[in-house]
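Here's the structure we're looking at; comments come further down.
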Ligand code: GLN
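Next up, the structure:
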């Protein structure tokens, strides 16, 4: 057989997706890959049922159906205050996974540097490899997951093409303050770099934390490529609806990458999701309320068991400190947790650049009964592991 590409040789599969397979194998309560087990909003489902009998079965416009982009632009402006041209500044992608990849392919040449905060969502590592870019990792320091502005400026001195900012952060639950984002923005301007954001958890926040949109900071609209998705906001992770928001010149490039990679996101699903994009503020308030309750239930359960954990400010992940169990490898620990305790988790090492074996990540985007079952099982952890 001829040799396969160097580009993919160093790849491991996604640990997050692997842990879902392992959880299923052991019939574990799967709190590894972050997706809800509750229904999407009824109005979206009703519209989906109607759409199957309407004329949406062929390709939509490659960069997204017109009415979807218009509804999306309105929603973005409503929440961020940023004016968005639905024709020139948005590309609808297959999830924000494609959005991030298309953004990276559009702004970097092989060999270009890109700053990534560590811990980071594991796809960013693969995105840099696929686009040939070299990551410069800047630590977010536990327990607050703050960054050192000096260390960040050192990274910028290496003249990166872009910095990736996941806000609210997966996996550490950090919500960047306006001041922190301003530091990043000022450095991006000073060293002439793009800021590529991943804001898929924009609406999953715990009071008093608020989401600040990077593109809304003074002078940042044209320098920011926002990657986002409908997955988490409307509990439709399987629909694979994401988007990029960027200035017209960058968007032109992203459109091409997107067109040749995937042609387009599913047309009937775009049409059905417009119902969600048109929801009023009450929907987002109740989403926040729902996740606040899940967070309280889950964190209290972990406290009762005596597991040490992070306190997320946003998103729906917790890092559990597993040092007391004395494992050399968090991967082995996560396998044992699925097999012996019956709970699926992601080994923390897949999110850190630094050698870090101290954590596993659990998520709480689940029904109350699912979380109760997981907590019941976890209450036996010290007997079973
Ligand atoms: N963002 C989710 C996680 O971190 C799921 C990502 C995915 O598998 N596409 O678990």
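In our numbering, the protein residues as written are 11 to 395.
Think of the CB as a built atom: it goes at the ideal place given N, C-alpha and C, for glycine as much as any other residue.
Computed from a predicted model, the values in this text were never measured in an experiment.
- Pairwise C-beta distances place the region 52-66 in contact with the region 276-285, as three or more of them are shorter than 8 Å.
- The beta carbon of residue 111 is closer than 7 Å to those of 137, 140 in its chain, skipping five residues each way along the sequence.
- The straight-line gap separating the alpha-carbon atoms of residue 204 and residue 26 is approximately 28 Å.
- In this structure, residue 162 and residue 185 do not form a Cβ contact; the two beta carbons are roughly 18 Å apart against a cut-off of 8 Å.
- Taken atom to atom, the span from the alpha-carbon of residue 216 to that of residue 322 is near 8 Å.
- Counting C-beta atoms within 10 angstroms of its own C-beta, residue 155 has 16 or more neighbours from the protein chains shown and is therefore classed as buried.
- The Cβ-Cβ distance between residue 254 and residue 103 falls below 8 Å.
- For residue 330, no alpha helix (DSSP H) segment is defined; the enclosing uninterrupted segment is the beta strand (DSSP E) at 327-331.
- Assignment of residue 279 by DSSP, reduced to helix, strand and coil, places it in the helix class.
- Relative to the ligand GLN, the beta carbon of residue 320 is positioned no closer than 7 Å to any heavy atom.
- Residue pairing by DSSP puts residue 156 in a beta bridge opposite 151.
- Counting only runs that start and end inside the region 97-141, the alpha helix (DSSP H) elements of at least 4 residues fall at 105-117, 133-141.
- Taken through DSSP and simplified to helix, strand or coil, residue 168 comes out as coil.
- Membership of residue 268 in the alpha helix (DSSP H) is indicated by the continuous run 258-272.
- Leaving aside the five residues that flank residue 227 on each side, the residues in its chain whose CB is nearer than 7 Å to its CB run, in chain order, 191, 192, 195.
- When the Cα atoms are used, residue 372 and residue 222 turn out to be separated by approximately 25 Å.
- When secondary structure is reduced to three states using DSSP, residue 252 falls in the strand class.
- Residue pairing by DSSP puts residue 236 in a beta bridge opposite 207, 255.
- Here the alpha carbons of residue 77 and residue 206 stand approximately 25 Å from one another.
- The C-beta distance from residue 234 to residue 172 rounds to 10 Å, too long to fall under 8 Å, and the pair is not in contact.
- In this structure, residue 209 places its C-beta atom within 8 Å of the C-beta atom of residue 177.
- According to the DSSP assignment, residue 373 belongs to the beta strand (DSSP E) that extends over 369-373.
- For residue 369, the shortest C-beta to heavy atom distance toward the ligand GLN is 7 Å or greater.
- Not one heavy atom of the ligand GLN is found less than 7 Å from the C-beta of residue 187.
- A Cβ-Cβ distance of about 5 Å is found for the pair residue 116 and residue 264, placing them in contact under the 8 Å criterion.
- The three-state secondary structure of residue 40, taken from DSSP, is strand.
- Using a cutoff of 7 Å, the CB of residue 27 counts as near the ligand GLN, since one of the ligand's heavy atoms is closer than that.
- Counting the other CB atoms within 10 Å of its CB gives residue 34 a total below 16, which places it among the exposed residues.
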